[in-house]
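Residue numbers (the numbering used here): 1 to 1138. Here's the structure, in structure tokens; my notes come after.
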């Protein structure tokens, strides 16, 4: 491009006013981008004179060489003051609503900030003034030259000007799942919103924003309409609204749009489907949400029963006392008074209901999640989906990539095999024959993405910067170490002169580039995984640079003597090869004929050091009950070496380390279908999956999630960076995308983005997720103690004294205001390392454990004792007037003020107790680290002083003396002492305690609710009963068949053998009543296949016993045994019936 970058903004409007300057209008470009394939090529050539002429009109150059990247009283008084209580309630409600609204607003603002950050961080490679720069997508303008590569999400429309094996996924626009091949002579049109699935290239940008094809569709859908037009659209109906949007688009852009996809039958069907889906309640999103929903329903039912009981008892007591005991007649003139009493009783019942329901719970969840998400940003976790935060706390398995996550992703060539010589260090260029050196340098410099390069260090004394693919950067660094200049080679053979490029993908696991030789013919340079490339080589260069035959025996020797020793040291081995072709036209699209008969130049070993902090992080995961599995494309020896360095594998472990092919052989049947039963025998011991494809990764993740092995369903987190990792990231409970090396497709499919690509950040996410769960449990412990005491006090007080000791406004202060503050205090506790010293809670772990239930009931007993003593004997203890059975509109009494004040102070000190939920003694540990908690406690205490001393009638309070205040404070502090007494009582000894807030059981979610949009908890209970009934019948049937089978045996059975008694047989350690029993005859026992009692045997149905694999030292071949059953055997019939 010849324009300076500062002038590029002027190109944003290539409109009619600039026709003289640019030679084409906005309308022309929009019409052009609506064309496809041959129609587009014809229009470009006839109307514009080719792509070069379009670039010239837009004042840009398509062939620039890239440089460096930049980086109440009586009735009268009642008439005057009757409004106070209502006003106070209204004020309290307004305060709560405002606080809730403020929290929601701040959360929304935070997420808008996160979204804008994501958008700002989305950058694209643009060439301006001969320099390759990273530019935010919002700053891309018409006329820019964009560098596109595998994994990119195209931000604008454009025309291809140079491409290498480019394939695009246009399903987001066309709905077609097949990848579209793009080339200059067949289909050069590239559209925004589509994904680059293979290859690389450059395009000239022709449309951005609302003028791109995606922008036009959004305009048609009315995304940019204002609120008034949206309201009109709802009133006038959908069809009219769509046409209105289309008219708006026409008048706005001056272009008659031909796109009308919304009137098709397919669109109508889609709309009907969307309506059906929108009507259906959504599936419970997360573990925590499910448990909270069930708990809220249980609490709501209990509160409703208590409030109804309160109203009924009050009315019955009033009616019986007045009309039965005192034998009063119902006088018409007294009816208003009676009605007033009934209204009062109803208000008390509503108060009990309001107190019983924990309104602060949603607020606590919101605050905890929002606070955690904000803090996780500092720990390099960009949370895209809120529920992923707490789901990560329940994670039981992490399937991690190796490169860049467990390792530093700073590749360096440290060993090389060149000319039949294994160099343990980088050789001097003098020892290499000139022909070999030339082939090696050209093979690396040309057969690499030209976006990969080595740049000088940013700081003096630092390491050179690696830009682009890290493996290619390692090879380019190798060229530099050989005192050669790769850029000079690239200048001689620019990207435009490349004849054919077979770009790297997960299927090929190699990359090849074809160029024309000056003397005629073609030469193809190839590089890729050494095992794969060596199978395609039939010649190799010797010490003198001459080609010699390379046979199968030579290949085996090289694998044993070169590749395996390199791999055992944790090196990634890459083979570099070439092949010459004559001038005869080859079928270049037939890869199987092209990528054969290669000549091996060299094999290099690339080291990617393990991140120094990773072994400690994996050790923490192990202590936390989380299994880490490595899923990598490297060979099994390299993977095992890295896994050992990381601590995933330790010497003496009985774990599996498999290659992708072996993994598929073990889990698939004869038809090639994955069998869950077979997979269940593999994944619990699998720690390393090498040479794996993205499909293998998805299969493994899906298999672990769907598995019913073990008590809890596995919660799986997955890391991924490539486009093909998308399905696995979507399937996982939590998907982590790499923020640096990850493609746009991977980031879009993920739940959390690791901004530093570091495994340690995943461990921090686990810690924050567990902290969210514990924060909610802490708040629940505090909230339910308040609710239990307040409900019982209101209920008992109302039934005995005809009035609640705690008035309506006081209840609001306790239940709403304090809960809001408490949620803020307890939900913002920072996480500690102790969170990683326990196992995951799992899906069925209740929110309220037996320890928490002990704390709730224990503190409730203390508070109820204190409150009832104060209510019924407080007037005598403090020598003050009693407040019991006061007239309907009597002024506030000191008696009930002391009750209210003591009650609030007990809650305040119990808030400190609630900081610990696992029975810890020291409730003050780390309290000074949480400034919010200290501020809330002190602030609440200060507000309580103001309410008691100056609240007056609205709060039904009167001023207290200093002595009375000290007694209230003393009783409140007693909560802390009582907490120590409770924690000293062993939870195990309290057998009567029950848990609450269970999640939905594993098997009913994974089977009964699979694919459903709604989980009806009542229906689940019904299904659960049916399942248990059928399971019981199956058990009986199985046992009857077992008995019959033993009776049918003709061979006499020795008494001394364990199989002689069904009872003794079923008590064997290997017997499981849930599984169909296997029976082994004498011949099988004699053959040595029968394990001893208690021995764990991995049975792989239908698989032959694998031999000892020398590439798989982590597993002993004798550990895997097979017991097959004949079709007519009793065992086979038993398996079928069960």
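Ideal placement from N, C-alpha and C gives every residue a C-beta, glycine not left out. The model shown is predicted, which means the values in this text are computed figures rather than measured ones.
Member of the options whose CA lies at the smallest distance from the CA of residue i
i, options, result
"residue 680", "702, 646 and 707", "707"
"residue 966", "984, 980 and 945", "945"
"residue 968", "803, 462, 898 and 126", "898"
"residue 655", "678, 633, 683 and 595", "683"
"residue 477", "495, 455, 498 and 460", "455"
"residue 407", "182, 150, 570 and 802", "570"
"residue 214", "782, 805, 766 and 30", "30"
"residue 147", "722, 196 and 937", "196"
"residue 825", "981, 319, 522 and 909", "909"
"residue 205", "198, 332 and 190", "190"
"residue 704", "628, 736, 580 and 774", "628"
"residue 157", "164, 165, 137 and 150", "137"
"residue 295", "355, 353 and 361", "361"
"residue 139", "122, 993 and 772", "122"
"residue 555", "398, 781, 546 and 536", "536"
"residue 868", "688, 926, 806 and 812", "806"
Strand pairing of residue i, partner residues [DSSP]
i, result
"residue 136", "123"
"residue 537", "598"
"residue 657", "688"
"residue 578", "525 and 599"
"residue 146", "126 and 203"
"residue 189", "159"
"residue 169", "195"
"residue 399", "629 and 718"
DSSP-derived helix/strand/coil call for residue i
i, result
"residue 985", "coil"
"residue 195", "strand"
"residue 408", "coil"
"residue 607", "strand"
"residue 649", "coil"
"residue 841", "coil"
"residue 47", "helix"
"residue 509", "coil"
"residue 158", "strand"
"residue 880", "coil"
"residue 514", "strand"
"residue 381", "strand"
"residue 179", "coil"
"residue 549", "strand"
"residue 443", "helix"
"residue 957", "coil"
"residue 924", "coil"
"residue 1094", "Bear in mind that the predicted position of residue 1094 carries a pLDDT of just 38, short of 50, making it unreliable; the figure below should be weighed with that in mind. It is coil, neither helix nor strand."
"residue 823", "helix"
"residue 276", "For residue 276, the pLDDT reaches just 40, beneath the cut-off of 50, and the residue's location in the model is therefore unreliable, although a value from the coordinates is still provided. DSSP places residue 276 in helix when its eight states are reduced to three."
"residue 801", "helix"
"residue 153", "strand"
"residue 1152", "With the chain covering 1 to 1138 only, the question about residue 1152 has no answer from this structure."
"residue 873", "helix"
Cβ-heavy atom distance, residue i to the ligand ZN, below 7 Å
i, result
"residue 953", "Among the ligands in the structure shown, none appear at all, so the ligand ZN cannot be discussed."
Contiguous alpha helix (DSSP H) assignments of at least 4 residues, all confined to the stretch 676 to 726: 676 to 682 and 694 to 706
Given 8 Å, three or more beta-carbon pairs between the stretch 361 to 375 and the stretch 316 to 335: no
Cβ contact check for the stretch 298 to 313 and the stretch 346 to 355: 3 or more pairs under 8 Å: yes
Given 8 Å, three or more beta-carbon pairs between the stretch 935 to 950 and the stretch 874 to 883: no
The stretch 427 to 443 contacting the stretch 374 to 391, beta-carbon criterion three pairs below 8 Å: no
Complete alpha helix (DSSP H) runs within the stretch 291 to 379 (minimum length 4 residues, chain order): 335 to 356 and 360 to 378
Three CB pairs or more closer than 8 Å across the stretch 793 to 801 and the stretch 764 to 780: no
Cβ contact check for the stretch 726 to 741 and the stretch 753 to 768: 3 or more pairs under 8 Å: yes
Contact the stretch 576 to 584 vs the stretch 523 to 532: 3+ CB pairs below 8 Å: yes
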